[in-house]
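The numbering of the sequence shown is my numbering, which starts it at 15 and goes up by one. C-beta atoms are modelled at their ideal positions from N, C-alpha and C, and glycine is treated no differently. Keep in mind that this is a model prediction, so the values were computed, not measured. For reference, the structure is listed below as structure tokens.
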Amino acid sequence: MGCGAAGHGAVRGPPSPGGRASSASQRAGVQREVPSNCIKTSKYNIVTFLPVNLFEQFQEVANTYFLFLLILQLIPQISSLSWFTTIVPLVLVLTITAVKDATDDYFRHKSDNQVNNRQSQVLIGGVLRQEQWMNVRVGDIIKLENNQFVAQADLLLLSSSEPHGLCYIETAELDGETNMKVRQAIPVTAELGDTSQLARFDGEVICEPPNNKLDKFGGTLYWKESKYPLSNQNMLLRGCVLRNTEWCFGLVIFAGPDTKLMQNSGRTKFKRTSIDRLMNTLVLWIFGFLVCMGVILAIGNAIWEHEVGVCFQIYLPWDEGVHSAFFSGFLSFWSYIIILNTVVPISLYVSVEVIRLGHSYFINWDKKMYCAKRRTPAEACTTTLNEELGQVEYIFSDKTGTLTQNIMVFSKCSVNGHSYGDVQDMLGHKAELGERPEPVDFSFNPLADPRFQFWDPSLLEAVKLGDLHVHEFFRLLSLCHTVMSEEKSEGELLYKAQSPDEGALVTAARNFGFVFRSRTPKTITVHELGQAITYQLLAILDFNNIRKRMSVIVRSPEGKIRLYCKGADTILLERLHPVNQDLSSITTDHLNEYAGEGLRTLVLAYKDLEESYYKDWSERLHRAGSAPEAREDHLARLYDEVEHDMMLLGATAIEDKLQQGVPETIAILTLANIKIWVLTGDKQETAVNIGYSCKMLTDDMTEVFVVTGHTVLEVREELRKAREKMMDASRSVCNGFSYQEKLSSKLTSVLEAIAGEYALVINGHSLAHALEADMEAEFLETACACKAVICCRVTPLQKAQVVELVKKYKKAVTLAIGDGANDVSMIKTAHIGVGISGQEGIQAVLASDYSFSQFKFLQRLLLVHGRWSYLRMCKFLCYFFYKNFAFTMVHFWFGFFCGFSAQTVYDQYFITLYNIVYTSLPVLAMGVFDQDVPEQRSMEYPKLYEPGQLNLLFNKREFFICIAQGIYTSILMFFIPYGVFADATRDDGAQLADYQSFAVTVATSLVIVVSVQIGLDTGFWTAINHFFIWGSLAAYFAILFTMHSDGLFRMFPNQFRFVGNAQNTLAQPTVWLTIALTAVVCIVPVVAFRFLKLDLKPELSDTVRYTQLVRKKQKTQHRCMRHAGRVGSRRSGYAFSHQEGFGELIMSGKNMRLSSLALSSFAPRPSTSWIDTLRKKKGCEGSSASSPSGAADKTLRV
């Protein structure tokens, strides 16, 4: 709880009059209202729905605009159209939107009720009672049982069913990792094992205010006139799941929005696409254009009334209240505003929502994005962002659980200078994966894990032959760890490891005969080749932010004291005894080889300790552990003292398995000019190794920059040096190229046009400085010039800040993808948020816009669904504006021939039905089903994605082209029939020209022309397209003849007065010739222009379609990517990803967290990018002559 003035909160557990623990007042005497634990994400209830929803809908400028028009139409002096021409579409739009909002809110209510009504066991009056989570309050004591979800509160662990008050939790909802973590009650409360003891608990907790730090908690428990420090190790946070623990009790510290998970979730932001924002701008422009047309016609009306109309007052008198030509023009202005308002029809917004809904269903129904293993389909959680999936330029990805499976495999090792793990064939060469023989047989070991596989039998032979170094190697792995063991039945061991990689190491030792069997706070029992040996555990020297290693000190049954240590090579190799120099050199070569294969590496060493030295050191350790101040510093010095002059044993190499298809997906997305940044809370070495494994980083890169500065000046200097190196390298490659060349508007600096490929790796502490206001622009400039960016050890909010930084300075669409609650802020901040569903939790999925189960589906989401959605929406908007300008501008031209009297060309029913019936379905069909190339070609040619990134298919230029075509069509639509009708006669010699015949002719010409036009715009014909286009034409003629029929006239004589007009008009050959001439003149120039463009300047999609036709009967040629082996660069691949150690817990209950390790170094390797031809948007002068050798061999299929 947070407190007012003091900044602290107090939570007390004394029984209230009802026997229930309750919250207490603040230390400073300030009472703070504790928040409710009720979750509410819904917006409406039955009473508020109608007013609130209508208020929200009229926040939209378009809806307010059409309401304003409706009010104008109710004024008889200015309305030349019936009120229903506007109110019918407006009510339709409001109703559809209200139904959609009500449905969405119903599901939110349902979800809220499901969470709020979850049952919990609350201690009330000394008795456990079932209570809904929504009624839980701060100060309550809750009982949790095995596999129960901590739903809505942060709890202080009081006691558990396990010894020493331990309990095990899974934090997939918090950090995306499924490995087990441990929590421990403080000893004084661990004894409170039954409800009667807990009912008498009257302690008081003073703690920090609510915050978003998932890995930190500070507080003090005051009880029985004593105080006990509290840390994060004593907390069960909301979102975790109790595992392998029968029961536990906890005191509610934070509830509802104060929980750390909710503090990290960030604000939900309303996301709009760039097309939405552009449409809003265009609507304002069109409104301005509408006002201009109204002003022109109003001035014309005033002039006409003053010059001409005054002469005809006898039979064309002014309306009542009109006493001057100026006032007549004023009223005419509003009349024309009403008539010409269809340049922005309200049906546009309904159609956009329908199309987006269709695109969302296509994503949900895509069987190729369905994961059969997890039975998880792809899901579009929003319907408003689909077209923006086709415009993504930056992807921000989590690592653990997103790029990787978080499954570790013991792959290779080096022992006493001998490398194990590579299988050789009969000729002594390294065997390929497909040529490997059967795995090593561990049947000799009854305690072996049957799931473990290893391919080099020589390591097992060394164990059986009694190789002392190999024995000591596996003895270290079986002792130096913080794994907990559970034996469900005889010989059936279950390891509870903090991280999968530590579990993999202990499992490897287990299979090779050194089985970790059990442990107590003071002993470790290991079965060494079938013989049970118990070691006395003297000390655990756990991980912290600086040590980058862990050690244990044990006493063997013979009384020998030995220290075993494992850690990063950059740390341990410099702490070895000088006699290890030759062995260290050989092991370093092995480490380079392993790191070059993307494996995570550890170095192992040991040291024998004298009894007298250990006693002295142990006493000093005890004093340091009890020091009131600088405790961590004292311990670190003692740890550093004992961990020197060690003897090298060897090294391990662990493979962190990538998710299926990750390297291929990243390669394809990179070809699509999408930059991928990895933002992870993991250690630097781990993240970098994954970067190499998934081909984000390669040794072909010119250089990989590592930023590890701890101060603002250090970070600024490292970024400056990186930019200078890139500029220098670019100048040398380009032979003095002048950077005055005009760069693309997309580039923020010259750096983005440099030659060569670079990558940037930055640590969390350095990133904190880089994100400061005075340095963020420098950081972004450097990062955007790199092909790949990896940010390590970042907090959830830092992830969001990086995304916000790119959004702030780059006019680019961003996408964030993650799987854990620590990714929620990033997902909410990006333009598009994607959650990975499955085993890693659902918090990211709940906060995301789209979700699926595997990273590889992102390729299909963007290149197929995203590109198609963008293409369809752009074609829809272009056609929609075209057809409505063609329809509306006819009124403008007619105004010059009707005395500017605001008379309409079409009858009011045609005006009402044009956008609702006659032209709505064909354009919807195109917007939902159209595609330029099949899905296979979209994946095969990633460069097809680029028009969306550059916003080429619908922008201001394309808008004006559509408007120009619409105006051109309206001119021909009006003047050709007008010219024909001036002198035309009927078959019987009577004059053809009358108002209704002219209206029917123009309307028929318009419907035919826009129907033919959409046929030309449609690139992918389905039965639905045919039915809607030709069906709309048929519907037009059916309605037209019906409205001019005798039947309707008899029923509504005042509304349908022109009986038989359509039949008589369309019976004249002259009318059909006029319609045909108008259609040909409108359509032929468009067809001619498109043929010329296709021949002279084809787009890539045109080329792909042509290639598809040419190769239709040929077998598809699969591209073969040359796999070049990498020479291992010198870098650490430290193989631990867990953030908290069990060490002090096991020894004393104190938790110490792990941290990242610095990289050793990166060897720069100048090279030419294998996707240069796609990624670079400019060329260097003379580059063809000076390009590096081998570049010509690297071809790209586009």
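query                                                                                                                        : result
Selection from 784, 742, 706 that minimises the alpha carbon distance to residue 724                                         : 784
6 Å Cβ shell around residue 578 - same chain, five flanking residues per side excluded                                       : 490, 493, 494, 566, 620
Contained beta strand (DSSP E) runs [length at least 3] in the stretch 863-917, N- to C-terminal order                       : 864-866
6 Å Cβ shell around residue 391 - same chain, five flanking residues per side excluded                                       : 384
Residues of its chain near residue 326, where Cβ-Cβ distance is below 7 Å and the 5 sequence neighbours each way are ignored : none
Burial state of residue 580, where buried means 16 or more other Cβ atoms lie within 10 Å                                    : buried
Ranges of the alpha helix (DSSP H) found wholly within the stretch 301-334, counting only runs of at least 4                 : none
Where residue 1146 falls: helix, strand or coil (DSSP)                                                                       : Because residue 1146 carries a pLDDT of 47, less than 50, the predicted location of this residue cannot be relied on, and the following value inherits that uncertainty. In this structure, residue 1146 counts as coil in the three-state DSSP scheme.
Beta-carbon proximity check, residue 182 vs residue 257, cutoff 8 Å                                                          : yes
Rounded straight-line distance, which links the Cα of residue 124 to that of residue 931                                     : 37 Å
Those runs of the alpha helix (DSSP H) which lie wholly inside the stretch 564-597 and span at least 4 residues              : 583-586
Cβ pair count under 8 Å reaching 3, the stretch 1095-1112 against the stretch 1026-1042                                      : yes
Residues near residue 1132 by beta carbon distance below 7 Å, same chain, minus five either side                             : Note that residue 1132 scores 46 on pLDDT, short of 50, meaning its location in the model is unreliable and no value can be drawn from it.
Residue 483 to residue 514 span [Cα, whole Å]                                                                                : 26 Å
Continuous beta strand (DSSP E) assignments of at least 3 residues falling wholly in the stretch 364-405                     : none
Beta-carbon proximity of residue 730 to residue 789, cut-off 8 Å                                                             : yes
Any 3 or more C-beta pairs closer than 8 Å across the stretch 921-937 and the stretch 870-887                                : no
Span separating the alpha-carbon of residue 265 from that of residue 204                                                     : 13 Å
Closest by C-alpha distance to residue 138, when choosing among 210, 1121, 116                                               : 210
Residue range of the unbroken alpha helix (DSSP H) whose run includes residue 346                                            : 339-353
For residue 698, the nearest candidate out of 777, 961, 740, 689 (CA to CA)                                                  : 777
Separation of residue 1012 from residue 307, as counted between CA atoms                                                     : 23 Å
Of the residues 147, 129, 127, 130, the one placed nearest residue 136, counting alpha carbons only                          : 147
C-beta contact flag for residue 249 and residue 171 at 8 Å                                                                   : yes
Residue 195 to residue 233 span [Cα, whole Å]                                                                                : 21 Å
Residue nearest to residue 352 in terms of C-alpha spacing, selected from 398, 304, 394                                      : 304
Given 8 Å, three or more beta-carbon pairs between the stretch 994-1006 and the stretch 899-917                              : no
Alpha helix (DSSP H) runs contained entirely in the stretch 228-279, provided each spans 4 or more residues                  : 274-279
Helix, strand or coil at residue 6 [DSSP, three-state]                                                                       : Residue 6 lies beyond the residue range present for the chain, which begins at 15 and ends at 1212; the question has no answer from this structure.
Sub-8 Å separation of residue 837 and residue 396 beta-carbons                                                               : no
Inter-residue Cα distance where the pair is residue 1260 and residue 919                                                     : There is simply no residue 1260 to check, as the chain begins at 15 and stops at 1212 in what is shown.
Bridge-paired residues (DSSP) for residue 197                                                                                : 181
Sub-8 Å separation of residue 663 and residue 598 beta-carbons                                                               : no
Simplified DSSP assignment, three categories, for residue 220                                                                : strand
At least 3 beta-carbon pairs within less than 8 Å: the stretch 732-739 vs the stretch 790-800                                : yes
Environment of residue 455 [buried if 16+ CB atoms lie within 10 Å]                                                          : exposed
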